[in-house]
Amino acid sequence: MGKRDQTGAPAKALFRRLFAINGLLFAAGTLVLAFSPATVSSPVLVTEAPVLVIGLTVMLAANALLVRRSLAPLDSLATVMQRVDLLHAGDRLADNDTGDLAHLVRTFNGMLDRLEADHSASSAAALTAQESERQRIARELHDEIGQSLTVVLLGLKRTVDRAPVALREELHTVQEAIRGCLDEVRRVARRLRPGVLEDLGLHSALKELSTEFTQASGLPVHRHLDTGLPALSENVELVIYRIAQEGLTNVARHAHATRVDLSLISTPEHLTLTIADDGRGDVIEEGTGIRGMRERALLVGARLTVRSVPGEGTEVVLVIPTSGRSTR
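What follows is the structure, given as structure tokens:
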């Protein structure tokens, strides 16, 4: 019951304010007519019409100005409602000097806080489940399919050794095809579960990632990776690795670039990951890849920006604050 009354309070306050504004204007008009020498005949004379028109115009203008000033925050509220995106956190409406609508503004900002918190929690749960599923698939690829292909290779080797000379060339071709499949299975497993990230750390994982990217795409990756990184939590390292992985994948698929720059720079305040290419640029709409990167960035309180200039390439920048917060 109390909550319902509290919810209706801003509407009642706004009604009282508008009623008071109009009441004061009508009272002022009545006083002016009462104490001014102006009179109105019945019927109205032609010479009295300008006085009535001027008085009505002044009252309407004053009423419009005062009401417009009282309702001005609604325009700002509508603008924020149109542009708000939960993946771009922190977009709020200033609640200073909003009069009777201050409660509405604070309620709207509180709603955004709750929505962003719920979205962040649900995204974290979804990404955690996704990583667990990736690890499961990677283990199955490596332990089951990989082992099965290895057994087939060993059996083929024994067959090649006993086969007639005329069949050995064909068997060698089959053997190389299976060996290629085994290598591809291992590469997919490594992409799904970066074991080097767990074993050797973020620096080595990014080096291996860029090397594999160059081997697969033929594009050179120019690396600048600081070695003196602060101690980072597993979540932060995984977010950096996945965003770098997705950024390089987008370059290979869409950029038509001839060069890629990958850097990870550490300062006392921030840790900055940058993936830049010299491709065609002009990223008009953010696809699922970029939106996925934004979701990952929000999980660690980071800020992701994408700058794309037609003909000059695209730059993806992830900034993770390290001062005043724990990265362990």
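Residue numbers for the sequence shown follow my numbering, beginning at 10 and rising by one. Note that CB positions come from ideal geometry on N, CA and C, so glycine has one too. The model shown is predicted, which means the values in this text are computed figures rather than measured ones.
_Runs of beta strand (DSSP E) wholly within the region 295-320 (minimum 3 residues, chain order)_ = 312-318
So residue 154 is in the beta strand (DSSP E); what residue range does that whole segment cover?
Looking up residue 154 in the sequence shown gives position 145. Looking at the DSSP string, residue 154 is not in any beta strand (DSSP E), and its letter there is neither H nor E.
ask   = Are three or more beta carbon pairs between the region 216-229 and the region 174-183 nearer than 8 Å?
value = no
Let's test the definition: count the other Cβ atoms within 10 Å of the Cβ of residue 327 and tell me whether it reaches 16, buried, or not, exposed.
Here residue 327 refers to the residue found at position 318 when the sequence shown is read from its first residue. Looking at its Cβ environment, which holds 16 or more other Cβ atoms inside 10 Å, residue 327 is buried.
**Where residue 266 falls: helix, strand or coil (DSSP)** = Working through the sequence shown from its first residue, we reach residue 266 at position 257. Reduced to three states, the DSSP call for residue 266 is coil.
query: Since residue 143 sits in a beta bridge, which residues does DSSP pair it with?
result: As a first step, residue 143 must be located in the sequence shown, where it is residue number 134. Beta-bridge pairing links residue 143 to no other residue.
* Any idea what DSSP makes of residue 369, helix, strand or coil? -> Not covered by the structure: residue 369. The range shown for the chain is 10 to 337.
**Asked** Going by DSSP, which residues form a beta bridge with residue 30?
**Response** As a first step, residue 30 must be located in the sequence shown, where it is residue number 21. BP columns for residue 30 are empty, so no partner.
Report the partner residues of residue 330 according to the DSSP bridge assignment. For this step, residue 330 is matched to residue 321 along the sequence shown. Residue 330 pairs with 279.
(Q) Which of the three DSSP states is assigned to residue 210 in this structure? (A) Locating residue 210 in the sequence shown gives position 201, counting from the first residue. Three-state result, residue 210: coil.
Look at the Cβ atom of residue 271, then the Cβ atom of residue 252, and state whether they are nearer than 7 Å.
-> Residue mapping note: residue 271 aligns to position 262 of the sequence shown, counting from 1. Residue mapping note: residue 252 aligns to position 243 of the sequence shown, counting from 1. No, they are not a contact pair.
*Using 8 Å as the threshold, is the region 159-172 in touch with the region 225-233, meaning 3 or more CB pairs across them?*
no
Return the first residue and the last residue of the alpha helix (DSSP H) that residue 238 is part of. For the purposes of this step, residue 238 is identified with residue 229 of the sequence shown, where counting begins at 1. Run containing residue 238: none; DSSP gives neither H nor E here.
Exercise for review: With distances taken Cα to Cα, identify the nearest neighbour of residue 316 among 216, 101, 299.
Suggested key: In the sequence shown, residue 316 corresponds to position 307, counting from 1. Ranking 216, 101, 299 by Cα distance to residue 316 puts 299 first.
Drop a sphere of 10 angstroms on the beta-carbon of residue 12, count the other beta-carbons inside from all chains shown, and report buried for 16 or more, exposed for fewer.
-> Mapped onto the sequence shown, residue 12 falls at position 3. Residue placement at residue 12 is poorly supported in this model, since its pLDDT is 45, which falls under 50; the coordinates still yield a value, given next. Residue 12 is exposed by the Cβ-count criterion.
*Going along the chain, which residues of its own chain have a beta-carbon closer than 8 Å to the beta-carbon of residue 371, five neighbours each way excluded?*
Since the first and last residues shown for the chain are 10 and 337, residue 371 lies out of range.
Q. For residue 62, does the three-state DSSP call read helix, strand or coil?
A. Sequence index remark: in the sequence shown, residue 62 carries index 53 (1-based). Here residue 62 sits in helix by DSSP.
Give every residue of the same chain whose Cβ lies closer than 8 Å to the Cβ of residue 319, excluding the five residues on either side of it in the sequence, and list them in chain order. On the sequence shown, position 310 is the one that residue 319 refers to. Cβ neighbours of residue 319 beyond the five flanking positions: 289, 290, 291.
Just to confirm before moving on: does the CB-CB distance between residue 154 and residue 201 stay below 7 Å? As a first step, residue 154 must be located in the sequence shown, where it is residue number 145. As a first step, residue 201 must be located in the sequence shown, where it is residue number 192. It is not a contact, given that the beta carbons lie outside the stated cut-off.
**Q.** With 16 other Cβ atoms within 10 Å as the buried cut-off, status of residue 160
**A.** Counting from one through the sequence shown, the residue named residue 160 turns up at place 151. By the neighbour-count rule (16 or more Cβ atoms within 10 Å), residue 160 is not buried but exposed.
query: Where DSSP assigns a beta bridge to residue 286, which residues make up the other side?
result: Reading the sequence shown from its first residue, position 277 is the one you call residue 286. 269.
Practice problem: Taking the CB atoms as reference points, tell me whether residue 212 and residue 234 lie closer together than 7 Å. | Solution: Translated into positions along the sequence shown, residue 212 becomes position 203. Translated into positions along the sequence shown, residue 234 becomes position 225. In this structure, residue 234 lies closer than 7 Å to residue 212 by Cβ.
Starting from the Cα of residue 232, find the closest Cα among 257, 239, 52 and give me that residue.
One-based indexing of the sequence shown puts residue 232 at position 223. Among 257, 239, 52, the Cα nearest to that of residue 232 belongs to 257.
Check: In this structure, what does DSSP give as the bridge partners for residue 7?
Finding: One cannot answer for residue 7 here, as it falls past the ends of the chain, which runs 10 to 337.
Next on the checklist: Quick check on residue 174: does DSSP put it in helix, strand or coil?
Outcome noted: Locating residue 174 in the sequence shown gives position 165, counting from the first residue. It is helical.
Notebook entry, point to check: Is the CB-CB distance between residue 72 and residue 34 below 7 Å?
Noted result: Along the sequence shown, one-based indexing puts residue 72 at 63. Along the sequence shown, one-based indexing puts residue 34 at 25. Yes, the Cβ-Cβ distance between residue 72 and residue 34 is below 7 Å.
* **Nearest-angstrom Cα separation, counted from residue 329 out to residue 250** => As a first step, residue 250 must be located in the sequence shown, where it is residue number 241. As a first step, residue 329 must be located in the sequence shown, where it is residue number 320. Looking at the two C-alpha atoms, the distance is approximately 13 Å.
#### Entry: Best match in 311, 287, 102, 255 for proximity to residue 267 [C-alpha to C-alpha]
Counted from its first residue, the sequence shown places residue 267 at position 258. Minimum Cα distance to residue 267 is reached at 287.
Q. Helix or strand or just coil, what does DSSP make of residue 4?
A. The requested residue 4 is not part of the displayed model; the chain covers only 10 to 337.
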